[in-house]
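Residue numbers (the working numbering): 7 to 232. Working notes, beginning with the structure itself.
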């Protein structure tokens with residue numbers, strides 16, 4: 007489903023930074039993959055390539071046999087509809103309710119109002135927030151805010167979920183609840199890719215682990231540990 011062929015990403019500025027070097031990686035449909043490694047290893051750069059926020063300096067990146075490098079305009083917008091992204095810092099709209107935050111993701115792709123009214127409550131029930139439809143983000147705990155982010159990411163039924171440090175601001179109990187949600191989403195057939203520093207959670211989950219260091223893949227293990 008996702009294929010990196012000799013992908014490198016270099017940032018040029020006052021200092022040249024080789025963020026990714028010669029990455030070869032194949033992720034199958036329906037896999038659950040942890041990206042691990044120290045800060046600066048290249049995890050976030052890899053996720054930004056997948057959402058086409060960045061383009062490789064060298065190499066080829068394919069998703070469902072389509073080159074992300076060759077996409078233009080409407081193709082990029084259509085591709086991004088197939089991807090849900092979960093941020094560490096939530097990025098919720100603070101002046102909108104939980105319902106409105108999730109509905110916004112559907113409104114952005116011009117889904118019919120009737121479908122929004124039906125689907126948003128169902129997704130919020132799935133993430134355990136059916137009683138928080140009319141609450142505002144500041145009225146929620148950190149774990150609840152992250153679940154809103156997950157609901158927003160999955161409401162359009164994406165084929166791929168990408169999360170960048172989704173438990174970075176959460177305590178252990180909330181971290182486990184969030185990871186349990188990702189596992190449930192994965193069991194529905196969605197490909198899940200999570201960049202994380204959460205050693206304990208990775209070791210507990212026993213999923214595929216791709217470790218990066220200094221922009222290179224140094225380890226790729228099924229049922230791996232941090």
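Every residue, glycine too, gets a C-beta built ideally from N, C-alpha and C. This structure is a prediction, so every number in the text was calculated from the model and none was measured.
According to DSSP, residue pairing for residue 227 in a beta bridge involves 215. Three or more Cβ pairs drawn from the segment 105-122 and the segment 147-163 lie within less than 8 Å of each other, which places the two stretches in contact. Spanning the alpha carbons of residue 203 and residue 171 requires a straight line of approximately 7 Å. For residue 111, same chain residues with a beta-carbon under 8 Å away, outside a window of 5 residues either side, are 158, 159, 161 and 162 in chain order.
Assigned with DSSP and collapsed to three states, residue 32 falls in strand.
In this structure, residue 218 lies near residue 49, with their beta-carbon atoms less than 8 Å apart. Residue range 8-17 is occupied by the beta strand (DSSP E) that includes residue 15. With a cutoff of 8 Å on beta-carbon distance, residue 180 and residue 148 are scored as near each other. Between residue 175 and residue 19, the alpha-carbon positions lie close to 30 Å from each other. The bridge partners DSSP lists for residue 91 are 168. Going by C-alpha positions, residue 142 is about 13 Å away from residue 153.
Counting of Cβ neighbours within 10 angstroms places residue 185 among the buried residues, the total reaching 16 or more.
Residues of the same chain with a CB within less than 7 Å of the CB of residue 93, apart from the 5 flanking positions on each side, are 155 and 170 in chain order.
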